[in-house]
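Protein chains in written order, with the working numbering: chain A, 116 to 307; chain B, 116 to 307. Accompanying notes for the structure given below.
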DNA sequence: ACTCCGATGTCAGTCGCTGTCATGGGTACC
DNA sequence: GGTACCCATGACAGCGACTGACATCGGAGT
């Protein structure tokens, strides 16, 4: 049929994760990944901008979830309610069946500083996204930034709990519970 | 006197920042930096683990500020009060005279994704530091994580404001104000 | 049948980074 | 004052990530 097998990008990703888990990220060469897929190093870099990207590709999609979440929030919602809506919107991208894959991916990332670095940048991107959304809804600086930072914090905390929790509790639930705990944690301003 | 000029590490750093500002980070080779200092590439890597490190070296020092801040907090302080003490402790490492240098450094970092990446990792390290300190003071998970995340958020937000503010307001003041605003932002839990 | 497209291969080259060994002035110790 | 060691640096070879330029050749459209 076709000259080349379809799904090249996905096959590269699958081979990469398998090799990373088997012998480690640093110990795996891009050439190894390409060879395992029957391709060349050059072709790998045509699909992924760099070696780490093979683990982070697709992460732009669920950023839209944060945006949609805020857009779906009712009129007159407070900043933190907007944040909550945002997180819930993103949670749709993480159904239970995606958990095993996310766990394997996280195992690789946690084992390597360079990958953790990239991951923390992605979190910063999430925060920026939420901040922009809040400002579209009239929240002004520096409250927009603070609220967005809180959003990023709660999301990453909730996500890690979602991965670790064997009860398979939905990400949404964890997010809401953490937000509740956060509200309890921050005492009302006595008015300095 | 000595066989080699003293302060090699600092001279490398100065040359690096100058070159980065002049022609950009990517466009500057480690060899360029070394040559500008009258040294070799190999020697650069003996002082800095990698090219980016030349901009982040010394960042471990003020992490101690967070630790000392929490240790100095009064007995019976709440989680958020501990966080406040932590941030104030770190602020000591950023006196007004350090601002110009920090600004130049930030200019370079903001202009390059790879550097922003490293920076966001540093922020994650700060959060982890605060979390550990909070747990030493009896705060338990997940509150310790949430509070620490809030701390990291407020610190980075305050720091950027400190850099941008032409009034040269002390970092401490900005931190306290942001924390006050945060408390106002988070509504008391109505008790779900 | 002809043409063009586009995913892939090939190859050469740059740059970040590392291991290894050599060099030679300082310094301490006898 | 000689000798032995120390250690910051140089010199060199090499690996892996990544890029640019050009060639290849089945398939789709005309």
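All C-beta atoms, glycine included, are put in the ideal place defined by N, C-alpha and C. Remember, it's a predicted structure, so these values are computed and weren't measured experimentally.
Which residue wins for smallest C-alpha separation from residue i, given the options the options?
i                      : options                    : result
residue 262 of chain A : B:248, B:279, B:296        : B:296
residue 265 of chain A : A:291, A:228, A:284        : A:291
residue 216 of chain A : A:149, A:278, A:157, A:293 : A:278
residue 129 of chain A : A:159, A:117, A:141, A:299 : A:159
residue 181 of chain B : B:161, B:163, B:204        : B:204
residue 163 of chain B : B:137, B:140, B:123        : B:123
residue 133 of chain A : A:294, A:259, A:276, A:149 : A:149
residue 120 of chain A : A:137, A:252, A:154        : A:154
residue 176 of chain A : A:199, A:166, A:206        : A:206
residue 141 of chain A : A:156, A:166, A:151        : A:166
residue 186 of chain A : A:145, A:252, A:147, A:227 : A:252
residue 173 of chain B : B:242, B:212, B:300, B:208 : B:208
residue 294 of chain A : A:244, A:145, A:196, A:256 : A:196
residue 136 of chain B : B:218, B:201, B:275        : B:218
residue 221 of chain B : B:191, B:171, B:193        : B:171
residue 273 of chain B : B:259, B:288, B:281, B:254 : B:288
residue 131 of chain A : A:236, A:224, A:244        : A:224
residue 210 of chain A : A:247, A:179, A:284, A:254 : A:284
residue 200 of chain A : A:213, A:139, A:179        : A:179
residue 168 of chain A : A:229, A:188, A:194        : A:229
residue 193 of chain B : B:249, B:212, B:282, B:236 : B:249
I want to verify the contact list: residues of chain B whose CB lies under 7 angstroms from the CB of residue i, in sequence order.
i                      : result
residue 260 of chain A : 272
residue 236 of chain A : 231, 232, 235
residue 239 of chain A : 235
Under three-state DSSP, which class holds residue i?
i                      : result
residue 166 of chain A : coil
residue 210 of chain B : coil
residue 306 of chain A : With a pLDDT of 45 at residue 306 of chain A, under the threshold of 50, the modelled position of this residue cannot be trusted, and the question is left open.
residue 265 of chain B : helix
residue 127 of chain A : helix
residue 290 of chain A : helix
residue 281 of chain B : coil
residue 235 of chain B : helix
residue 244 of chain A : helix
residue 254 of chain B : coil
residue 300 of chain A : helix
residue 228 of chain A : helix
residue 216 of chain B : helix
residue 272 of chain B : helix
residue 221 of chain B : helix
residue 118 of chain B : coil
residue 188 of chain B : coil
residue 158 of chain B : helix
residue 73 of chain B  : Because chain B is modelled from 116 through 307, residue 73 of chain B falls outside the range shown and cannot be assessed.
residue 259 of chain A : helix
residue 175 of chain A : coil
residue 152 of chain A : coil
residue 180 of chain A : helix
residue 193 of chain B : coil
residue 204 of chain A : helix
residue 137 of chain A : helix
Residues of chain B with a CB under 8 angstroms from the CB of residue i: which are they?
i                      : result
residue 301 of chain A : 195, 265, 297, 298, 301
Closer than 9 angstroms by beta-carbon distance: list the chain B residues that pair up with residue i, in chain order.
i                      : result
residue 268 of chain A : 242, 260, 261, 263, 264, 265, 267, 268
Just the chain A side, please: which residues come within less than 9 angstroms of residue i by C-beta, in chain order?
i                      : result
residue 121 of chain B : Ordered by position in chain A, no residue passes the 9 angstroms Cβ test against residue 121 of chain B, which lies about 32 angstroms from the chain.
Original post:
Along the segment 212–233 of chain A, what residues have a CB closer than 7 angstroms to any CB found in chain B?
Top reply: 231, 232, 233
**OP:** Compile a chain-ordered list of the residues in the segment 280–298 of chain B whose CB is closer than 8 angstroms to at least one CB of chain A.
**Re:** 293, 295, 296, 297, 298
Original post:
Between the segment 180–209 of chain A and chain B, which residues of the former have a C-beta closer than 8 angstroms to a C-beta of the latter?
Top reply: 193, 194, 195
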